[in-house]
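The opening residue of the sequence shown carries number 0 in numbering that gives the first Met the number 0; numbering runs sequentially from there.
This report concerns only the one structure given below.
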Amino acid sequence: MANLEKIVEDLSALTVLEASELSKLLEDKWGVSAAAPVAVAAAGGAAAAPAEAVEEQTEFTVVLTAGGDKKINVIKEVRGVRPDLGLKEAKDLVEAAPQNVKENVSKQEAEEVKKKLEAAGASVTIK
(Lines of atoms letter the chains of each structure in order from A; the text may use other names.)
(Lines give C-alpha, C1' and ligand atoms only; values in the text may rest on other atoms or scores of the structure.)
Protein backbone atom coordinates (compact mmCIF):
# COMPACT_ATOMS: atom_id res chain seq x y z
CA MET A 0 0.00 0.00 0.00
CA ALA A 1 2.87 2.36 0.78
CA ASN A 2 4.30 1.68 -2.69
CA LEU A 3 1.03 2.77 -4.31
CA GLU A 4 0.97 5.99 -2.29
CA LYS A 5 4.56 6.70 -3.35
CA ILE A 6 3.61 6.17 -7.01
CA VAL A 7 0.68 8.58 -6.65
CA GLU A 8 2.96 11.19 -5.06
CA ASP A 9 5.53 10.76 -7.82
CA LEU A 10 2.90 11.07 -10.57
CA SER A 11 1.45 14.18 -8.94
CA ALA A 12 4.87 15.83 -8.98
CA LEU A 13 5.43 15.32 -12.72
CA THR A 14 5.60 18.30 -15.03
CA VAL A 15 3.56 18.30 -18.22
CA LEU A 16 6.63 17.43 -20.28
CA GLU A 17 7.52 14.56 -17.94
CA ALA A 18 3.93 13.30 -18.06
CA SER A 19 4.06 13.37 -21.86
CA GLU A 20 7.30 11.39 -21.83
CA LEU A 21 5.80 8.89 -19.38
CA SER A 22 2.83 8.47 -21.67
CA LYS A 23 5.09 7.66 -24.61
CA LEU A 24 7.09 5.18 -22.54
CA LEU A 25 3.92 3.40 -21.38
CA GLU A 26 2.61 3.22 -24.95
CA ASP A 27 5.90 1.71 -26.11
CA LYS A 28 6.20 -0.71 -23.17
CA TRP A 29 2.64 -2.06 -23.08
CA GLY A 30 1.25 -1.05 -26.46
CA VAL A 31 -1.57 0.99 -24.91
CA SER A 32 -2.53 4.64 -24.85
CA ALA A 33 -2.14 6.18 -21.40
CA ALA A 34 -2.87 9.76 -22.43
CA ALA A 35 -6.05 10.27 -20.40
CA PRO A 36 -4.85 8.85 -17.05
CA VAL A 37 -1.53 10.68 -17.29
CA ALA A 38 -3.27 13.97 -18.07
CA VAL A 39 -5.50 13.56 -15.03
CA ALA A 40 -2.57 12.71 -12.77
CA ALA A 41 -0.42 15.53 -14.11
CA ALA A 42 -3.12 18.16 -13.82
CA GLY A 43 -4.26 17.01 -10.39
CA GLY A 44 -7.71 16.08 -11.64
CA ALA A 45 -8.35 19.38 -13.43
CA ALA A 46 -8.41 17.64 -16.80
CA ALA A 47 -11.43 15.58 -15.76
CA ALA A 48 -13.81 18.56 -15.76
CA PRO A 49 -13.52 19.34 -19.50
CA ALA A 50 -14.07 15.67 -20.33
CA GLU A 51 -17.33 15.71 -18.39
CA ALA A 52 -18.38 19.00 -20.00
CA VAL A 53 -18.23 17.35 -23.42
CA GLU A 54 -20.96 14.92 -22.44
CA GLU A 55 -24.43 16.31 -23.00
CA GLN A 56 -26.44 16.63 -19.83
CA THR A 57 -29.55 14.46 -19.91
CA GLU A 58 -30.94 14.89 -16.40
CA PHE A 59 -31.77 18.24 -14.90
CA THR A 60 -32.84 19.60 -11.52
CA VAL A 61 -35.38 22.41 -11.18
CA VAL A 62 -34.41 24.67 -8.27
CA LEU A 63 -36.81 27.15 -6.70
CA THR A 64 -34.53 30.07 -5.79
CA ALA A 65 -37.22 32.40 -4.38
CA GLY A 66 -40.95 32.16 -3.73
CA GLY A 67 -41.65 35.71 -4.92
CA ASP A 68 -44.48 38.01 -3.84
CA LYS A 69 -47.30 35.60 -4.73
CA LYS A 70 -46.36 32.67 -2.51
CA ILE A 71 -49.87 31.20 -2.53
CA ASN A 72 -49.80 30.88 -6.32
CA VAL A 73 -46.30 29.41 -6.19
CA ILE A 74 -47.39 26.88 -3.54
CA LYS A 75 -50.30 25.84 -5.77
CA GLU A 76 -47.96 25.34 -8.73
CA VAL A 77 -45.49 23.38 -6.61
CA ARG A 78 -48.32 21.06 -5.61
CA GLY A 79 -49.28 20.81 -9.29
CA VAL A 80 -45.84 19.66 -10.37
CA ARG A 81 -45.26 17.62 -7.19
CA PRO A 82 -48.59 15.92 -6.36
CA ASP A 83 -46.78 13.82 -3.75
CA LEU A 84 -46.48 16.92 -1.53
CA GLY A 85 -49.23 18.02 0.79
CA LEU A 86 -50.10 21.67 1.36
CA LYS A 87 -47.79 22.01 4.35
CA GLU A 88 -44.85 20.33 2.59
CA ALA A 89 -45.29 22.54 -0.49
CA LYS A 90 -45.49 25.65 1.71
CA ASP A 91 -42.34 24.59 3.60
CA LEU A 92 -40.52 23.98 0.31
CA VAL A 93 -41.43 27.45 -1.02
CA GLU A 94 -40.50 29.22 2.22
CA ALA A 95 -37.17 27.38 2.54
CA ALA A 96 -35.98 28.41 -0.95
CA PRO A 97 -33.57 27.68 -2.54
CA GLN A 98 -34.88 24.13 -2.76
CA ASN A 99 -34.99 21.43 -5.43
CA VAL A 100 -38.52 21.07 -6.79
CA LYS A 101 -37.87 18.26 -9.30
CA GLU A 102 -34.72 16.20 -9.73
CA ASN A 103 -33.43 13.99 -12.53
CA VAL A 104 -35.96 15.10 -15.14
CA SER A 105 -35.60 15.63 -18.88
CA LYS A 106 -34.75 19.05 -20.24
CA GLN A 107 -38.24 19.43 -21.70
CA GLU A 108 -39.94 18.64 -18.38
CA ALA A 109 -37.55 20.95 -16.52
CA GLU A 110 -38.40 23.81 -18.90
CA GLU A 111 -42.14 23.19 -18.46
CA VAL A 112 -41.88 23.21 -14.66
CA LYS A 113 -39.76 26.36 -14.78
CA LYS A 114 -42.34 28.16 -16.96
CA LYS A 115 -45.20 27.17 -14.64
CA LEU A 116 -43.41 28.32 -11.50
CA GLU A 117 -42.19 31.57 -13.06
CA ALA A 118 -45.72 32.31 -14.29
CA ALA A 119 -46.87 31.96 -10.66
CA GLY A 120 -44.24 34.50 -9.57
CA ALA A 121 -41.32 32.34 -8.43
CA SER A 122 -37.66 32.60 -9.32
CA VAL A 123 -36.38 29.32 -10.77
CA THR A 124 -33.13 27.95 -12.16
CA ILE A 125 -32.33 24.69 -13.92
CA LYS A 126 -29.15 22.81 -13.10
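For each residue, glycine too, the CB sits at the ideal point set by N, CA and C.
Cβ atoms of SER122 and LEU63: under 9 Å apart, would you say?
yes
Residue span of the beta strand (DSSP E) that contains SER122, given as start and end:
122-125
Report yes or no: do three or more beta-carbon pairs, one from the segment 56-75 and one from the segment 89-99, lie closer than 8 Å?
yes
Decide if ALA12 is buried, meaning its Cβ has at least 16 other Cβ atoms within 10 Å, or exposed.
exposed
Nearest-angstrom Cα separation, counted from LYS101 out to GLU111
11 Å
Which class does GLN98 belong to by DSSP, given the choice of helix, strand or coil?
strand
Among all the DSSP beta bridges, which residues are the ones paired with VAL104?
PHE59
Can you give me the C-alpha to C-alpha distance between VAL77 and GLU58, rounded to a whole angstrom?
19 Å
VAL61 and LEU116: beta carbons closer than 9 Å?
yes
Note down the Cα distance separating LYS28 from GLU55, rounded to an integer number of angstroms.
35 Å
Take ALA119 and list the residues in its own chain whose beta-carbon comes closer than 8 Å to its own, dropping the five residues that flank it on each side.
GLY67, LYS69, ASN72, VAL73, LYS75 and GLU76
Since ALA65 sits in a beta bridge, which residues does DSSP pair it with?
SER122
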